[in-house]
Structures are given as structure tokens and as C-alpha cells.
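So the sequence shown is numbered by the numbering used here: it starts at 3 and just counts up by one.
Below is one structure, written out as C-alpha cells; comments come after it.
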Amino acid sequence: MKKLILRDGTLCSIRKVKLSEKEKVRELFLQTSPESRYYRFFGATSQLDDKLLNSLIKNDAYNVSLVCIVKGSIVGIANYNATEDLQSAEVSFMVKDEFQGKGIGTLLLEELAKHAWLRGIKELEAFVLSDNYNMISVFKNSGFEIVHEKLDLTSIHLKLPLAKFSKVMSEHLLREKLATQASLVAAFKPKKIVYIGEDNVLWQNIKQFRKDAVILAKDNNVIKNIRAIKPDLIIVDVVDCENIIHITELETLKVLIITAKLNEPIKSKVVNLVKKQGIRLIGPNSTGLFYNTKDNKINISPIVIPKEGSIAIATHSNLLGISLVGYFDYIGLGVGCFVSVGDKADVSANDLLYVWQDDNNIDIIVLYLDSFGDPITFSMLSRKISKHKPIFAVKAGRTLISLSASRHESLIFSNTDFTVDGLFKQTGIIRAETLEELLDDVLLAYACDFLSESNYVSLISNSIGANLMATDTFEANNLMLDKIVYIDSTDIDFYKKALIEVLKNSKSYYIVVIFAPYKDITYEFLDNFLNEILYIVNSIDHDKTVIVNVLSYLHYKNRVLEKAGFKKKIAVFPFVERSLRALGKLIWYANYKKKPEFYAQDLQNFNLKQARNYIRSLLYGSKQYQLTQIEAKTLFEMIGVKTSTVKEGLYNISIGIAYDKIFGAIIGVSYYPLENNIAYKSPIVRILPLTLWDIDEIIDAIDNKKILKMHIKNDLRDLFERLSETFLNIPEIKQLDLPNLIVSEEGLYFTRAIIKIKKDENLPKSFTVSF
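Here you go:
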């Protein structure tokens with residue numbers, strides 16, 4: 003069952019219809035208007051005979067029937083019926099009248115498209131009465147094209163080539179974003195608030211900005227009182243509230259926040275009821291949330307609200323979330339929004355990314371993740387957002403895994419640090435190893451008004467030792483030294499003069515100022531020094547970022563310096579290696595933003611139709627099978643993979659592709675130079691599909707010595723493109739490994755492939771497919 007959100011924010015779920023729900027589908031038919039039945043069945047129909055009803059609930063190799071459920075009731079049904087050769091499938095819908103116009107038809111169509119695409123169906127088609135304007139609009143908005151206008155004078159014939167499936171998914175993300183934003187409006191801008199709990203810090207914080215909020219005790223009259231108030235947001239701060247089950251039945255309730263930690267029986271009941279009733283749930287075991295901008299202020303948490311800011315924080319850890327807010331406030335960074343998702347029974351980081359994506363008050367997003375809800379959605383969504391807003395993340399649960407057992411098997415390690423790291427790099431997320439590192443990264447991003455992909459850095463310093471320490475870290479952070487200006491003094495005037503010169507005449511966009519006091523200094527001296535630097539930075543027209551490192555035990559509390567009337571800010575660091583580490587990440591992010599996301603285009607000699615039919619023929623009579631080396635070679639010939647005779651190799655590469663239960667289809671690549679055949683490098687893991695930039699990153703990591711010629715790099719690119727497209731478009735392939743791929747100046751060569759295939763139980767025993 004898949005949980006989705008309608009245009010008005012109502013929760014629904016879509017799944018295959020059950021045979022036991024036959025009478026419920028008949029009831030849906032009877033509850034729709036004569037007009038809706040006329041459009042669905044191309045004529046006036048008042049009865050649904052058993053033959054027609056059975057066709058509506060059929061799920062087999064050629065038919066898929068999906069139902070949409072809202073608050074436990076079936077409100078819509080969608081079907082496709084495929085041709086015998088599985089080349090195309092006709093789709094049809096029926097939605098209850100009062101639920102029409104809410105996006106149910108569109109969501110059902112998208113789910114049908116996914117099922118058809120996985121079956122290898124080439125296109126979906128629909129026949130619609132020419133005056134059924136609502137359904138025609140649904141099809142057109144989903145990418146369908148009119149083939150015949152007014153076929154036989156009464157109907158229209160439309161088609162959707164599933165080669166455009168990526169477009170369908172892109173539009174799905176847009177609709178999901180708008181629906182999610184609508185469903186969580188009551189969390190941040192509620193009309194009426196009811197709080198169930200004691201008069202404590204949480205309640206006082208709620209009352210600070212919402213004088214109209216109502217507090218209720220957990221007594222026998224609580225449900226009666228809530229019904230009279232008709233709130234759209236309820237906060238439950240008591241552990242043993244038996245009435246919480248009945249709270250979910252309230253018609254006006256949109257969002258429920260449970261800060262208490264519920265015992266398992268009650269928690270399971272609440273979660274099931276919330277999903278059934280279409281209510282959004284934050285928690286249980288949530289610290290709460292606050293929104294803190296000029297446009298809107300609300301605090302539903304025990305946290306003292308910090309100064310206004312543009313940083314949004316989502317955390318799975320209550321205490322860590324409170325600490326993060328406190329630390330950001332301590333170093334001078336304001337927080338605009340904070341949400342603790344607690345046990346993540348419903349609302350997750352993905353929902354919050356949807357909310358913050360278009361929020362003009364939020365410029366920086368910070369995530370603490372101890373697990374993933376839906377990493378595939380997370381990947382697609384964060385890819386879009388990170389092109390406009392930086393996303394910083396700390397991911398807990400690092401695991402070191404020995405690779406020795408994987409040299410001749412799949413390199414996929416479920417939920418390992420390699421996979422998480424690959425996911426973050428693909429999506430432009432800036433990952434921090436520690437909380438201290440996270441604070442440094444966010445601080446620099448906030449202070450950086452102009453982000454350049456150039457990695458040239460200039461140093462202004464009065465310490466030779468600090469200069470050496472700085473330059474030692476350049477290579478590790480992929481930085482290049484432009485110039486060093488050495489100052490044999492602590493006099494601010496010397497620093498000002500050097501800074502003006504570098505701002506005017508340096509080719510570097512990043513200037514690192516290092517100040518090492520010769521003797522004890524006071525906070526007054528330090529404050530004056532930093533303000534003089536800030537003044538110089540704002541007195542000259544430039545597009546550079548200035549970072550100040552004060553090597554003193556007097557750590558400056560306010561680590562971001564900004565003043566009213568000044569456009570530019572400066573970030574203050576206690577240690578130069580920390581500022582350069584953060585700078586290296588920020589420059590990597592700047593380069594990521596500039597990279598276009600191009601995917602593999604039409605591949606020559608790539609016969610996907612023939613390859614998939616071949617795989618299915620090998621499965622005839624078997625549920626699963628491992629290809630012989632001769633059969634693997636035949637498959638590779640069909641998809642255009644060629645190898646050369648290698649005289650002397652440069653690299654040995656292991657490639658593994660498999661389905662991960664958490665991340666979906668992923669590829670792992672491990673490698674080592676043949677000149678020192680000792681051990682494999684740590685694997686590079688990426689989620690499919692691969693962009694061309696993903697592929698280039700993998701090749702650059704393999705060839706870090708820059709010894710491969712261009713034609714060999716092109717061969718590797720072509721191989722990765724073909725393997726990726728083959729694995730994604732032939733779902734019967736469950737594992738595809740090349741454990742010993744030799745890369746040489748003559749080309750690529752491998753002697754062994756491990757390809758494991760498995761039959762989809764819903765597929766027919768024998769057929770061919772056309773693309």
C-alpha cells in the first residue's frame with residue numbers, strides 16, 4: 003500500500019484491489035452518479051453484472067486494478083488491460099463524485115504507469131468520450147497525446163509513450179510537493195489549537211505566540227470539549243491518554259502532534275487510525291516544532307525560541323535537536339524553522355523538504371538522519387532542492403565493512419556508509435562527520451554571499467606555522483593556493499592594507515585571514531579587530547568571501563559578524579584547518595550546482611527489446627536462474643557491450659549492480675591499480691539511474707593518477723551507461739556483477755559475469771515485448 007496526498011491535503015492510499023473487496027467495488031459503482039457511470043462505461047448503466055465486476059478487480063499478467071482509499075473507504079478504481087504481446091495497455095477510471103477534482107485520477111494514472119513500465123509495456127492508451135473534459139484534462143496533464151480527435155465522432159483516442167516515464171515522475175513530484183504543503187499548513191499556521199497536557203514550559207511557549215490556544219486536561223470531557231472547539235491542530239503531551247484514540251475521529255483535525263512516548267499497543271492503534279482518517283501525525287516522541295520568521299511565529303516546543311533566521315532544522319533525535327538550535331543561536335545564527343519528527347510514524351524528512359522547497363524564508367536546510375523513510379523519493383527531491391538551497395546533513399550509523407569477501411560477488415552493502423555517502427554526493431547534500439563540523443559548514447554557507455566554483459584561495463597571515471598548517475590541508479580539501487601575504491605584525495592597519503590589496507588584485511574568490519596574537523589580548527581588542535575587517539570587506543565593491551581565523555584561547559562567541567547597513571558578512575573560526583575543510587565542501591557544492599543533470603541518450607546497438615525477450619526466454623519454466631558465461635556474453639552483445647583483447651592492464655575494477663531493499667537499484671564500483679595488487683579501494687556507490695556527471699565522477703575516482711586516455715574513458719562511460727539502462731529496464735535482472743574488469747590502453751576486458759534473474763510471479767509464462 004502506498005500513502006499519497008490529495009490536492010487538498012487529504013491523505014489517501016493506493017494499492018491493488020483485493021478479491022474480497024468485490025462488493026465494495028460494486029458499492030462504489032452504485033454511489034457514483036449516472037453521469038459518471040455514463041462517461042466510464044460509454045453509455046447509461048445502472049447495474050454492474052458479475053462479469054463486468056470481475057473484470058474491474060482482475061490482477062494478473064495482463065490486467066492491473068488499483069483502488070484509492072480515503073478514511074477506510076474505496077473512493078476510486080483504475081484498471082489497465084494489456085494486449086497479448088504486452089506492447090500497449092488501455093486504461094480506465096471511476097472516481098466517486100464528491101472526490102473528483104482532488105487529483106485521485108492523476109495519482110491512480112501515475113501508479114498504473116509504474117506498473118506498466120515495470121512490465122515492459124510500451125505505451126498506455128485511453129478512449130474517452132469527447133465531452134468528458136475532466137478526464138481529458140487528467141490525461142493531457144499526465145503527458146498523454148491525442149492520436150485521433152473525435153474518433154467515430156463521439157470519442158477521443160489518447161496515448162502516453164512510457165519512454166516519457168521520467169516526465170510522468172517529474173510531474174508526480176510537483177503534485178506531491180503541492181499536496182504535502184497543503185496537508186501541513188495546520189502545523190505551521192493553524193486556525194485553532196488545542197493542547198492536552200499539564201501547564202508546563204511547552205504550554206507556556208505555545209501561549210506566547212498563540213493567545214487563542216486552549217489547554218484541556220485528560221478527563222472524561224476532553225473529547226466533548228474538543229468537538230465544541232473544532233481545532234485543526236491538537237498537541238498531546240500526556241503518556242496515558244486513552245482518549246487519544248477518539249481524537250483521531252474528529253472531522254476538523256488536520257495535524258496531530260504527539261510529544262509523549264506512547265506504549266506500543268496504543269501507538270499502533272493511533273498510527274493506523276491517523277492513516278485511515280487522513281490526518282498528518284508528527285511524532286510520537288517528538289520535541290515539537292517552531293516557526294520563527296517575520297511573517298509567522300509559532301512555538302510548539304519546550305525550546306526557547308532563538309533569534310529570527312533562515313535556517314531550517316529537521317531532526318530524528320529530540321535532545322540533539324534542542325542542542326543544535328542552542329548551538330546555532332550561541333554562535334550568532336538564527337533559526338527560522340525547527341521540526342522534531344520523533345518516531346517518524348508519518349511525517350518524515352521528505353515531507354519537510356517539500357514544505358521548505360518553496361519557502362522564501364528558508365535559505366539553508368539542516369538534517370540529522372538516523373534512518374531513511376523513502377530514500378528514492380529523498381534522492382529525487384533533494385536533487386531538485388540542492389540546486390537552489392544548500393542541504394547539510396549528519397547521518398548516524400557508520401559501518402566499516404571488509405571488502406575481501408566481496409571481490410567476486412556484488413559490491414552492494416545494504417544501508418552501509420558507502421551507500422549513504424553515494425546518495426549524498428549524487429544529490430548535492432553536504433555531509434558532516436561530526437556536529438562540530440556541521441556547525442562549521444553551515445556557518446560558512448551563511449556567511450558566503452557569493453558562491454564560486456573556483457578553488458583558488460589567498461592567505462593573509464602573521465604566522466608562518468599557521469601558513470604551513472593551512473597549505474598542508476589544501477590538497478585534502480581540493481584547494482589551490484593563489485597567494486600568501488605574510489604580515490610580521492599584529493597591527494590591524496597592516497591587515498587592512500593587505501586585505502584591500504588582495505580584494506582588488508587577487509584572482510581567488512576566497513580569502514582566509516589568519517590572526518595569531520603575540521601576547522594575551524582582550525575581548526575588546528578582538529572585537530575591534532574583527533569589526534575593522536568587516537568594515538574593509540564592505541567598503542570595497544567585490545564578489546569575494548572573507549574568512550577570519552583567530553588563533554587564541556579567547557574564542558569569539560558570535561562567529562558570524564554582520565551589521566545593519568552592511569551587505570557582506572564574515573565567518574570567524576578558531577582553527578584554520580576547520581575553516582579550510584568547510585571551504586572545500588562549499589566549493590564542491592558550488593561545482594555541483596553548475597553541473598547539468600544529463601542522462602544517457604539513445605545508445606547505438608542497444609537492443610533492449612531483444613535483450614529482455616532473451617532474459618524471459620531463459621526464465622521459461624523456472625522462477626530464478628543464473629546465466630552461464632556464454633549466455634551472459636549473448637546478453638552483452640544484444641546491449642552493445644564489447645570487450646577487447648588486453649595485453650597489459652592498468653586497473654582492475656569490480657562492478658556490482660543489485661536491488662537494495664532500502665535504496666532501490668544501486669551500483670557499487672571497487673578498484674585498484676594492477677601495479678600494486680594489494681587490496682580494493684573503498685567502493686563508490688551510486689543510486690540508479692546514473693547521470694553523466696555521476697559516471698564521470700566514478701571514472702575520475704578510478705583514474706586518480708590521470709593515466710587513462712580519452713578513448714578508454716569513453717569506453718568506460720559507454721559501459722556504465724549500458725549496464726545502468728539494462729538493469730533499470732529489465733526488472734527480471736536482480737544482480738549484475740563484473741567482478742574482474744581489466745582496464746588497459748587497448749580497451750576493456752572481463753572473463754566472468756555474474757547475472758542472476760528472477761521471474762515476476764505476475765508475468766505470463768511465455769511472451770515477447772516490444773519497445
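For each residue, glycine too, the CB sits at the ideal point set by N, CA and C.
Model, not experiment: these values are computed from the prediction.
- Residues of the same chain with a CB within less than 8 Å of the CB of residue 141, apart from the 5 flanking positions on each side, are 111, 128, 130, 160, 162 in chain order.
- Residue nearest to residue 55 within the set 28, 40, 428, 239 is 28 (criterion: CA-CA distance).
- A straight line joining the alpha-carbon of residue 690 with that of residue 628 spans about 22 Å.
- With respect to the 8 Å criterion, residue 348 and residue 241 are not classified as neighbours on the basis of their beta carbons.
- By a beta-carbon distance limit of 8 Å, residue 180 does not contact residue 124. Their separation comes to about 30 Å.
- From the listed residues 754, 516, 596, 509, the smallest Cα separation to residue 645 is found for 754.
- In the DSSP assignment, residue 65 falls within the beta strand (DSSP E) that extends over 65 to 72.
- In the displayed model, residue 466 falls within a helix according to three-state DSSP.
- Remark: C-beta atoms of residue 78 and residue 66 do not approach each other more closely than 8 Å.
- A Cβ-Cβ contact shorter than 8 Å links residue 443 with residue 584.
- As the crow flies, the alpha-carbon of residue 707 is around 14 Å from that of residue 699.
- When DSSP states are grouped into helix, strand and coil, residue 636 belongs to the helix group.
- Secondary structure at residue 202: coil, using DSSP grouped into helix, strand and coil.
- Of the other Cβ atoms in all chains shown, 16 or more fall within 10 Å of the Cβ of residue 685; this residue is therefore buried.
- The criterion of a C-beta distance shorter than 8 Å is satisfied by residue 290 and residue 342.
- DSSP places residue 484 in the strand class (E or B) of the three-state scheme.
- Taking 8 Å as the cut-off, the Cβ atoms of residue 302 and residue 260 do not count as close.
- Scanning its chain for C-beta atoms nearer than 6 Å, with the 5 sequence neighbours on each side dropped, one finds around residue 761 the residues 621, 625, in chain order.
- Secondary structure of residue 429 (DSSP, three-state): helix.
- Using a C-beta cut-off of 8 Å, the segment 189 to 196 makes contact with the segment 211 to 227, since at least three inter-stretch Cβ pairs fall below that distance.
- Fully enclosed alpha helix (DSSP H) runs of no fewer than 4 residues occupy 224 to 231, 246 to 249, 266 to 279 of the segment 220 to 300, in order along the chain.
- With fewer than 16 other Cβ atoms from the protein chains shown falling within 10 Å of its own Cβ, residue 525 counts as exposed.
- Under DSSP, residue 758 forms a beta bridge with 628, 737.
- For residue 26 and residue 248, the gap between their C-alpha atoms comes out near 26 Å.
- Linking residue 102 to residue 7 through their CA atoms gives a straight-line distance of about 14 Å.
- Sequence-distant partners of residue 718 (beyond 5 residues in either direction) whose C-beta falls short of 6 Å from its own C-beta, in its chain, are 701.
- Between the C-alpha atoms of residue 510 and residue 459 there is a straight-line separation of about 5 Å.
- Between residue 617 and residue 734, the gap from beta carbon to beta carbon is short of 8 Å.
- The beta carbons of residue 239 and residue 186 sit about 20 Å from each other, so the pair does not count as a contact at 8 Å.
- Residue 379 is positioned such that its CB atom lies no closer than 8 Å to that of residue 687.
- Taken through DSSP and simplified to helix, strand or coil, residue 92 comes out as strand.
- In the pairwise beta carbon analysis, the segment 543 to 550 is classified as touching the segment 505 to 521: at least three pairs are separated by under 8 Å.
- In the structure shown, residue 544 adopts coil according to DSSP, grouped into three states.
- Between residue 692 and residue 722, the CB-CB gap stays under 8 Å.
- A direct Cα-to-Cα measurement between residue 210 and residue 263 gives close to 25 Å.
- Distance from the CA of residue 108 to the CA of residue 95, rounded to the nearest whole angstrom, comes to 10 Å.
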